[in-house]
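Notes follow the structure.
Numbering (the working numbering), first residue to last: 1 to 150.
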C-alpha cells in the first residue's frame, strides 16, 4: 500500500508500466471529468470518476482484488481508508467473485489512513482496504490497472 502526494507519482511508475498513463490522465483531466468510466488501454487500464457519500468505519467492509491494482486519487474532499494485509485477514465475508474481481473480509482493520485532495493511494492485491470512510462526500478517481507480472 502506498499513500503519497500526486507530485511524487513518478516514483512509483516502475511498479507497472500503466501507472503513469492512468495517473497523468487524472492529473490532466480529473477536475473537469464528469462521473463515469473512461477506458484508456482496453481492460488493462481504465479510470472511474465518482462522487460518493462517506460512511462510518463501523459500516465499512475490507475488500481486496486479485486481477487489478487500485490507484485511488482524491480530487475533492478527504477520505479515510481502513487497511489490512490480506495475509492477516481470516474472516472471509464474501468469497472471491472473479467476474467483479472482489472479495470481502469481516476482520477488523490493522490501521486507518486519511487521504486529502491531491494525494493518491495504491492498493496492491495483498492490500485489503475499506474506502469511503468519513463524513460528507468525496470526489475521486479510481484507476484500475491490470495486475501484470514484472
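Cβ atoms here follow ideal geometry from the backbone N, Cα and C, with glycine treated the same way.
Bear in mind that the values here come from a model prediction, so they are computed numbers and not experimental data.
Taking 3 residues as the minimum length, the beta strand (DSSP E) runs contained wholly in the region 63-103 are 68-76, 78-85, 92-97, in order along the chain.
Per DSSP, the unbroken beta strand (DSSP E) holding residue 123 starts and ends at 119-123.
With 16 or more neighbouring CB atoms inside 10 Å of its own CB, residue 103 falls in the buried class. Under the DSSP assignment, residue 60 falls outside any beta strand (DSSP E); it carries neither an H nor an E label. Judged by beta-carbon spacing, residue 55 lies within the 8 Å limit of residue 133, meaning their Cβ atoms are closer than that value. Here residue 30 carries a coil assignment [DSSP, helix/strand/coil].
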